[in-house]
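Numbering of the sequence shown is given in my numbering, commencing with residue 545 and proceeding in unit increments.
Working notes, structure below.
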Amino acid sequence: MKIKKGDMVVVISGDDAAKAPRKVTQVLDGGQKVVVEGVNVVQKHVKRNHPKSPQGGRLRFEKPIQASNVLYFCGACNQPARVGFRVTAEGAKERYCKACQASAGQVSPARKAKSVS
Numbered sequence: 545m546k547i548k549k550g551d552m553v554v555v556i557s558g559d560d561a562a563k564a565p566r567k568v569t570q571v572l573d574g575g576q577k578v579v580v581e582g583v584n585v586v587q588k589h590v591k592r593n594h595p596k597s598p599q600g601g602r603l604r605f606e607k608p609i610q611a612s613n614v615l616y617f618c619g620a621c622n623q624p625a626r627v628g629f630r631v632t633a634e635g636a637k638e639r640y641c642k643a644c645q646a647s648a649g650q651v652s653p654a655r656k657a658k659s660v661s
């Protein structure tokens, strides 16, 4: 997954496209869809005794958008950039910013060296 929960992203297409970075609150469908804070907000009208709103009324919540419509926002270079994967010298797999080569977090721990017998 190139985008993870908690990442800062910039929406690059759609009605909510903006330059300001926003936080990813949820990743769905194996990384294909993401829920971004304050993006794609919809209202749902509910009757009384609804589990989320006992008094009824209008609920506002964010719907998922395609992950291809967002770009990772790199904190090191302060700009949106694509994300790549690489293996470090220790054998750990990590995500990195393709613009400035800064690490964006570890994906998997270092592999143990195989002993030669």
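The beta carbon of each residue, even a glycine, is placed where N, CA and C say it ideally should be.
Owing to the predicted nature of the structure, the values given are computational and were not obtained by experimental measurement.
7 Å CB neighbourhood of residue i in its chain, flanking five on each side removed
{"i": "Val672", "result": "Since the first residue shown for the chain is 545 and the last is 661, residue 672 is missing from the structure and cannot be characterised."}
{"i": "Arg604", "result": "Val585 and Gln587"}
{"i": "Ser597", "result": "Val590 and Leu603"}
{"i": "His594", "result": "Gly600"}
Reference residue i, options the options, closest by Cα
{"i": "Gln650", "options": "Lys656, Tyr640 and Cys644", "result": "Tyr640"}
{"i": "Val631", "options": "Gln623, Cys618, Gly619 and Ala648", "result": "Ala648"}
{"i": "Gly550", "options": "Gln645, Ser597 and Cys618", "result": "Cys618"}
{"i": "Val583", "options": "Phe629, Glu638, Ala646 and Asp560", "result": "Asp560"}
{"i": "Phe629", "options": "Ala564, Ser652 and Arg592", "result": "Ser652"}
{"i": "Thr569", "options": "Ala562, Gln623, Arg592 and Glu606", "result": "Glu606"}
Contacts around residue i, its chain only, beta-carbon distance under 8 Å, and the 5 residues preceding and following it disregarded
{"i": "Gly575", "result": "Met545, Lys546, Ile547 and Ala611"}
{"i": "Ser572", "result": "First, the amino acid is wrong: residue 572 is Leu here, not Ser. Cβ neighbours of Leu572 beyond the five flanking positions: Val578, Val579 and Pro608."}
{"i": "Glu634", "result": "Ala654"}
{"i": "Val627", "result": "Lys546, Ile547, Tyr616, Arg639, Tyr640, Cys641, Lys642 and Ala648"}
6 Å Cβ shell around residue i - same chain, five flanking residues per side excluded
{"i": "Gly558", "result": "Asn613"}
Beta-carbon gap between residue i and residue j smaller than 7 Å
{"i": "Ala620", "j": "Ala636", "result": "no"}
- Mind listing, in chain order, the continuous beta strand (DSSP E) runs of no fewer than 3 residues lying wholly within the segment 591 to 650? 601 to 606, 614 to 618, 623 to 625, 627 to 631 and 637 to 641
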